[in-house]
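Trainee: Just dropping this structure here.
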Amino acid sequence: MADKEANEEGGKSSGGGLLPIINLVLLVLVLAVGGFIAWKMMSMEQPSAGADNATIAQTDQTTLPEAEDESDATPVMMDIDDITVNLADTDESRFLRTKIKLEVRNEEAQAKVTANIVKINDLIITILASKKFSDIRTPQGKYALKEDLIYRMNRIVGGKPIKNLYFTDFVSQ
Numbered sequence: 621m622a623d624k625e626a627n628e629e630g631g632k633s634s635g636g637g638l639l640p641i642i643n644l645v646l647l648v649l650v651l652a653v654g655g656f657i658a659w660k661m662m663s664m665e666q667p668s669a670g671a672d673n674a675t676i677a678q679t680d681q682t683t684l685p686e687a688e689d690e691s692d693a694t695p696v697m698m699d700i701d702d703i704t705v706n707l708a709d710t711d712e713s714r715f716l717r718t719k720i721k722l723e724v725r726n727e728e729a730q731a732k733v734t735a736n737i738v739k740i741n742d743l744i745i746t747i748l749a750s751k752k753f754s755d756i757r758t759p760q761g762k763y764a765l766k767e768d769l770i771y772r773m774n775r776i777v778g779g780k781p782i783k784n785l786y787f788t789d790f791v792s793q
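In the numbering used here, the protein residues as written are 621 to 793.
Printed below as a string of structure tokens:
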């Protein structure tokens with residue numbers, strides 16, 4: 621019986637050396653996969669909606685169209701209908717009423733925007749309704765909203781006919 625107990629203890633000690641090695645290899649593997657996923661997430665392009673606290677890196681796609689210089693044409697101002705939407709806040713009911721003026725590059729661009737005005741209105745309503753009050757109450761939030769709207773409207777119309785967007789009325793409650 622003593623031999624049997626000595627045998628069992630000897631078996632445990634010889635198998636115990638392999639288990640820590642397996643645990644160490646699994647730990648290193650999990651850390652490597654987690655690090656790779658974190659690196660991929662950090663290297664992905666950040667959406668402009670979350671740009672309240674971060675600086676916005678400007679590329680060809682995020683640069684405001686006003687940075688391009690076209691001095692041969694006179695810009696045209698266009699009014700967008702008054703827009704009132706419920707904001708996406710869940711804690712309390714809030715709304716936003718706004719009036720928007722678009723600055724387009726020329727009369728040809730105005731014709732393009734007018735032809736797509738229904739799509740543009742729908743886009744504006746959809747984007748504004750998806751925002752929370754905390755997203756749009758700061759100047760940085762309004763700037764990010766303007767940049768996002770200009771970029772998306774230009775994608776709908778095709779090219780970069782819209783130079784700038786101005787909020788002539790911006791009331792939220």
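A virtual CB, placed ideally from N, CA and C, is assigned to each residue, including glycine.
For Arg757, count neighbouring C-beta atoms within 10 Å of its own C-beta (all shown protein chains included) and say buried if the count is 16 or more, exposed if not.
Mentor: Looking at its Cβ environment, which holds fewer than 16 other Cβ atoms inside 10 Å, Arg757 is exposed.
Trainee: Answer yes or no: do Glu723 and Lys783 have a C-beta to C-beta separation smaller than 7 Å?
Mentor: Contact flag set, yes.
Trainee: If you draw a straight line from the C-alpha of Leu649 to the C-alpha of Lys751, how long is it?
Mentor: Computed Cα separation, rounded: 40 Å.
Trainee: Could you give the first and the last residue of the continuous alpha helix (DSSP H) run that contains Arg717?
Mentor: Careful: Arg717 lies outside any alpha helix (DSSP H), inside the beta strand (DSSP E) at 715-724.
Trainee: Taking the alpha-carbon positions, what's the Gly763 to Ala658 distance?
Mentor: Correcting the residue type first, residue 763 is Tyr in the shown sequence and not Gly. So the alpha carbons of these two residues sit roughly 29 Å apart.
Trainee: Let me know if Asp702 comes out buried or exposed under the rule of 16 or more other beta-carbons within 10 Å of its beta-carbon.
Mentor: Label assigned to Asp702: exposed.
Trainee: For the alpha helix (DSSP H) that contains Asn643, what are its first and last residues?
Mentor: Segment 638-663, the alpha helix (DSSP H) holding Asn643.
Trainee: Measure the CB-CB distance between Phe753 and Arg714 and report whether it falls below 7 Å.
Mentor: It is a contact, given that the beta carbons lie within the stated cut-off.
Trainee: Please classify Asn736: does DSSP put it in a helix, a strand, or coil?
Mentor: Asn736 falls in the coil class under three-state DSSP.
Trainee: How about Asn736 and Ile700: are their beta carbons less than 7 Å apart?
Mentor: No, Cβ-Cβ distance for Asn736 and Ile700 is not below 7 Å.
Trainee: With a threshold of 7 Å between beta carbons, is Ala749 in contact with chain D?
Mentor: No chain D appears in the structure shown, which is made up of a single protein chain.
Trainee: In or out: Leu748 buried (at least 16 other Cβ within 10 Å) or exposed?
Mentor: Leu748 should be labelled buried.
Trainee: For Ser750, which of helix, strand or coil comes out of DSSP?
Mentor: Here Ser750 sits in coil by DSSP.
Trainee: Would Glu727 and Val696 qualify as a contact pair, given that the criterion is a beta-carbon distance under 7 Å?
Mentor: Contact: yes.
Trainee: Report yes if the C-beta distance between Arg772 and Leu743 is below 7 Å; otherwise report no.
Mentor: Yes; because the gap between Cβ atoms is below 7 Å, this pair is in contact.
Trainee: If we ignore side chains and look at the alpha-carbon of each, how far apart do Gln730 and Ile745 end up?
Mentor: Distance between the alpha carbons of Gln730 and Ile745 is about 20 Å.
Trainee: Alpha carbon to alpha carbon, how far is Val705 from Val645?
Mentor: When rounded, the distance between both Cα atoms is 55 Å.
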